[in-house]
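Below you'll find the structure, written out as structure tokens, and then a few comments.
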Amino acid sequence: MRPGLICATLLFALAVFLVPSARAATGDVTIEAQLIWGTNEKPDPKLKAAEPKLAAKFKNSPFKWDHYCEMHREKLKLKLNEEKTVTMSPNCVISITSLGDEQVKFKLFGKGKLANTVSQALPKGQLLITGGDAENSTAWFVVLQQVE
Amino acid sequence: MTDEQQLKLQAFLDGELTAGDVRAVEAWLARDSAAAALLSELQHTRSALAGFERPETAGASSTAAAVKCPESREFYWSKIKREIERTTPAAGSAPVRTESLFARLRRTLIPLSAAAVLAIVGLVTLRQYSAGDRAIAVNSMLADAGAFTYRDEAQGMTVVWLSYPAENKFAQKSSGVTLSPK
């Protein structure tokens, strides 16, 4: 390989590393929130199945459910210290704040009342899942992850 | 007239000057009668001595060498100096370095890429450290007393499980839609 090509490749790699770091340093993040329903019964075919990668993560976890359906999905672009609220279902509202350095604060409201608050670093590839029991031995999950 | 000018005149007579210097001396002779007179004297001396000075050869005797008109030290060194000046190209006519754009670019890129390697290594290390720190930085303020937090490093996920009433209908798409197939 020619030296010039090697140099150019290295500089490109540096840019690839620097751009996300610079974005993270500014506090700008894009968070994808998904409302997932977990059940052991075969779900209604009209419901959208959760992404295989996410379903695999659930199945490799202590959760017992056989099927996971994606009920709702939202993508939130957040600037530093910006808080955005989104309704995931009629009874589930979430609020996300970017705290900078890929840290987020997540608030979950159930039927209008604050149910939980979590602050956590959420680098790309990491998931923050909040869940609980639902009717008929099923479960709900709010899955947060950072995306482009 | 300075010694330097006299030596230059002698060099002119001996044909040791460059074309530019020859033109300069000719112009000088045209306007300076003293210089013209000296040149004339030098020419006479030269013609008078012609025939007495024989070339020194390998087999020449010491007598022949003695006949040769000795050069002064100043003139000897001035000849060397002029010869050096004649053979050394002028600063203005120095050859231009023909370096290709690629070569210049490469010369710039090599130190830059070395810096890039260091920066990448630093960033990767920093990311590993910071990711490790952040992975455990979970702060959960639970309104629900029965809730717990579970961290799975292998899966890269944090789970907060709430003991929220099961009839919460969180996952319900909209009112009236029953998720359960039953």
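Keeping their order, the protein sequence lines are chains B and H.
The opening residue of the first sequence carries number 1 in our numbering; numbering runs sequentially from there.
The opening residue of the second sequence carries number 1 in our numbering; numbering runs sequentially from there.
Idealized CB from N, CA, C, for every residue including glycine.
Query	Result
Rounded Cβ spacing between H/Y161 and B/G112 (contact assumed at less than 8 Å)	According to the sequence provided, residue 161 of chain H is Trp. The question's Tyr does not apply to it. H/W161 to B/G112, Cβ: 21 Å. No contact.
Neighbour flag for H/F148 against chain B, beta carbons, 8 Å	no
Below-8 Å beta-carbon distance, B/Q126 vs any chain H residue	yes
Short CB-CB distance (under 8 Å) between B/G132 and chain H	yes
C-beta atoms of B/I94 and B/V142 nearer than 8 Å	yes
Residues near B/T97 in its chain [Cβ-Cβ closer than 6 Å; skip 5 each side]	E83 and K105
Distance CB(H/V22)-CB(H/L9) smaller than 8 Å	no
Span separating the alpha-carbon of B/K46 from that of B/D66	17 Å
Contact with chain H by B/N116, beta-carbon distance below 8 Å	yes
Amino acids of chain H, ordered along the chain, whose beta-carbon sits closer than 7 Å to that of B/L10	S113, A116 and V117
Exposure label - B/K77; buried when at least 16 CB within 10 Å	exposed
Any C-beta of chain H under 8 Å from that of B/N60	yes
Beta-carbon gap between H/L42 and H/L17 smaller than 8 Å	no
In DSSP terms, what H/A80 is bridged to	Here residue 80 of chain H turns out to be Ile, not Ala, going by the sequence shown. Paired residue(s): none; H/I80 is not in a bridge.
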